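K.L.:
I'd like to ask you about the structure that follows.
Residue numbers (this note's numbering): 154 to 333.
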């Protein structure tokens, strides 16, 4: 079998692979799924039969064990109660925060609607003013047109009267010239 030369990239790859393998091995050796608490102090178990027969201090040891067990049960019950109360407090706090957020959102929505209505009212008022102004301007223009029309009619009447007068004058002249 012939020896093949490995490139530096292959060497680096194998070195990093070896490091990874050693890291995994260390992690497996030091792996603890959870923290293991120290053992609770225990007393020697009593043999079967009467407690007084077994050992002079056996009853005392059994009472001690019961007291310690009851103490542990009480602590556990208190811890559970605290957890429940804590959850209740958290739930109440979340509900309060939620209700405050909803109230804030409602207030913002009301304010937005109010400003929208105000803007709409202002627009309508401006539009009404513009309409009134436009109507007034139109009326003034109409009156000007009527006045101009009347003036032209009067002017035409004056011109017509002047033409008639001129025609009469011409007619009189022509009569006098005929006689002569």
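Note that beta-carbon positions come from the ideal geometry of N, C-alpha and C, so glycine has one too. In this text, all values refer to a predicted model and were calculated from it rather than measured experimentally.
(1) Which complete alpha helix (DSSP H) runs does the segment 209 to 257 hold, if anything under 4 residues is left out?
(2) Using the three-state DSSP reduction, which class does residue 265 fall into: helix, strand or coil?
(3) With DSSP run on the structure shown, which of helix, strand or coil describes residue 291?
(4) Can you tell me whether DSSP reads residue 158 as helix, strand or coil?
P.N.:
Inspection of the coordinates gives the following:
(1) You should have found no qualifying run.
(2) In the chain shown, counting from the first residue as 1, residue 265 sits at position 112. In the structure shown, residue 265 sits in a helix (DSSP, three-state: H, G or I).
(3) Here residue 291 corresponds to residue number 138 of the chain shown, with the count starting at 1. It is helical.
(4) Position 5 of the chain shown, counted from the first residue, corresponds to residue 158. It is coil, neither helix nor strand.
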